[in-house]
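Convert by adding 26 to the 1-based position in the sequence shown; the result is the number in the working numbering. C-beta: ideal position from N, C-alpha, C; glycine also. Read through the structure below, which is laid out as structure tokens, and then see the notes.
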Amino acid sequence: MKIKVINGPNLNMLGIREPSVYGKSTYTDLVNLIAKRAEELSLTCDFFQSNHEGDIVTEIQNCYGAFDGIVINPGAYTHTSVAILDALKAVSLPTVEVHISDVDSREEFRKFSYVSLYAEKIIKGKGFEGYLEALEYLKNK
Numbered sequence: 027m028k029i030k031v032i033n034g035p036n037l038n039m040l041g042i043r044e045p046s047v048y049g050k051s052t053y054t055d056l057v058n059l060i061a062k063r064a065e066e067l068s069l070t071c072d073f074f075q076s077n078h079e080g081d082i083v084t085e086i087q088n089c090y091g092a093f094d095g096i097v098i099n100p101g102a103y104t105h106t107s108v109a110i111l112d113a114l115k116a117v118s119l120p121t122v123e124v125h126i127s128d129v130d131s132r133e134e135f136r137k138f139s140y141v142s143l144y145a146e147k148i149i150k151g152k153g154f155e156g157y158l159e160a161l162e163y164l165k166n167k
């Protein structure tokens, strides 16, 4: 089973950006953790991170016919991007939305997610462990 893990804007700044919210571990730490768990679950993971909405849309489109599922943390695009929602609907792959922080306990604008209108499962506030839960969900689907 092949899973695409997509991270949006500012996830490349993990460990630097608001460590009180996101922790001190880096994006590289996150990728290594996911890759290790994927191997344990006999999954193949491919990783993508971009600060650009159009690049994320294109990467989602590239998943069509090539991947069995998507784990996505769209970052701030969660709350603004109909384009990312439409791309997910177009490729019609099982999708899990992940947020490191508990977005529901933060600013009011973070409580709405376009991606959640499509995602089969939404995981919030579990830190990096949320990504591992997403892999397990897709594996056992």
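When the options are compared against residue i, the one with the closest alpha-carbon
{"i": "S118", "options": "I96, A64, L67", "result": "I96"}
{"i": "G80", "options": "N166, K167, I32, Y163", "result": "I32"}
{"i": "N77", "options": "Y157, N58, A102, P45", "result": "A102"}
{"i": "G91", "options": "K50, M27, Y157, T106", "result": "M27"}
{"i": "F135", "options": "F73, Y53, T104, Q87", "result": "T104"}
{"i": "A184", "options": "N99, D128, D130", "result": "Here the chain comprises residues numbered 27 to 167, so residue 184 is not present and cannot be evaluated."}
{"i": "S142", "options": "S131, E133, S107", "result": "S107"}
Close Cβ partners of residue i (< 8 Å) along its chain, the five nearest in sequence each way excluded
{"i": "A64", "result": "I29, T70, C71, L161"}
{"i": "G156", "result": "V124, H125, I126, I149, K150"}
Extent of the continuous beta strand (DSSP E) run through residue i
{"i": "I148", "result": "147–150"}
{"i": "I60", "result": "First-last for I60: 53–66, but that is the alpha helix (DSSP H), not the beta strand (DSSP E)."}
{"i": "V47", "result": "Element bounds for V47: not the beta strand (DSSP E) but the alpha helix (DSSP H), 45–48."}
Outcome for residue i when other beta-carbon atoms lying within 10 angstroms are tallied against a minimum of 16
{"i": "S68", "result": "exposed"}
{"i": "T84", "result": "exposed"}
{"i": "A116", "result": "exposed"}
Local conformation of residue i per DSSP, three classes
{"i": "D128", "result": "coil"}
{"i": "I82", "result": "helix"}
{"i": "D72", "result": "strand"}
{"i": "N33", "result": "strand"}
{"i": "G101", "result": "helix"}
{"i": "E133", "result": "coil"}
Close-in-space but distant-in-sequence residues of the same chain around residue i (CB under 6 Å, 5 per side omitted)
{"i": "I126", "result": "Y48, G153"}
{"i": "K147", "result": "V122, Y163"}
{"i": "P35", "result": "N77, G101, A102"}
{"i": "D94", "result": "M27, K28"}
{"i": "N52", "result": "Checking the sequence shown, residue 52 turns out to be Thr, not Asn. So the list reads L40, G41, once near-sequence residues are dropped."}
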